[in-house]
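Enquirer: Numbering (the numbering used here), first residue to last: 5 to 137.
Virtual Cβ for every residue (Gly too), placed ideally from N, Cα, C.
This one's a predicted model, so the numbers in the text were calculated from it and none came from an experiment.
This is the structure, below, for whatever I ask next.
If you want it as structure tokens, here you go:
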């Protein structure tokens with residue numbers, strides 16, 4: 005999959021900053037305002053997969069920009085996180101509990117990330133083609 009750079013790099017930096025901002029907003033404000041809601045239990049899981057995929061993209065883009073199967077890598081991140089946090093860690097530690105809703109939150113974060121990735125990649129490719137024409 006050919007990946008253009010400018011729009012996707014700015015998308016990923018924006019997602020990192022947004023995820024960190026929402027994380028702090030959630031931990032210091034939303035959790036206390038809505039103590040028994042999805043904000044308390046699942047928003048950080050949703051943000052984690054966005055943050056992980058953005059950091060993965062920015063870390064590997066310069067090395068493998070044209071050769072990397074990005075969408076496959078992002079799905080692999082989701083699988084590794086889901087299996088690690090919801091299957092393996094609960095077996096190892098009594099402090100960890102498996103929760104299928106965490107996996108759904110990871111999946112929703114992955115879905116949003118893949119949609120944004122596709123939109124920004126398509127828009128950047130259109131800009132490149134317009135400049136060449």
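Assess, as a yes-or-no matter, whether the stretch 49-69 is touched by the stretch 103-115 under the definition of 3 or more beta carbon pairs within less than 8 Å.
Expert: yes
Enquirer: Per DSSP, what kind of secondary structure is residue 102 in: helix, strand or coil?
Expert: coil
Enquirer: When the distance is taken between beta carbons, is residue 34 closer than 7 Å to residue 43?
Expert: yes
Enquirer: Under the rule that 16 or more other beta-carbon atoms within 10 Å means buried, what is residue 83, buried or exposed?
Expert: exposed
Enquirer: Check this for me: beta carbons of residue 124 and residue 11, under 7 Å apart or not?
Expert: yes
Enquirer: Taking the beta carbon of residue 109 as the centre, do at least 16 other beta carbons fall within 10 Å, making it buried, or is it exposed?
Expert: buried
Enquirer: Which term fits residue 17, buried or exposed, when burial requires 16 or more other beta carbons within 10 angstroms of its beta carbon?
Expert: exposed
Enquirer: Does the Cβ-Cβ distance between residue 51 and residue 13 come in under 7 Å?
Expert: no
Enquirer: What are the start and end residues of the alpha helix (DSSP H) that includes residue 57?
Expert: 47-68
Enquirer: Got a sec, what are the start and stop residues for the alpha helix (DSSP H) residue 40 sits in?
Expert: First-last for residue 40: undefined, no H or E at that position.
Enquirer: Of the residues 107, 98 and 65, which one's Cα is nearest the Cα of residue 85?
Expert: 107
Enquirer: Once DSSP output is grouped into helix, strand and coil, what is the label at residue 5?
Expert: Any answer about residue 5 is weak, because its pLDDT of 46 lies below 50 and its placement is not dependable; what the coordinates show is given next. In the structure shown, residue 5 sits in coil (DSSP, three-state: anything other than H, G, I, E or B).
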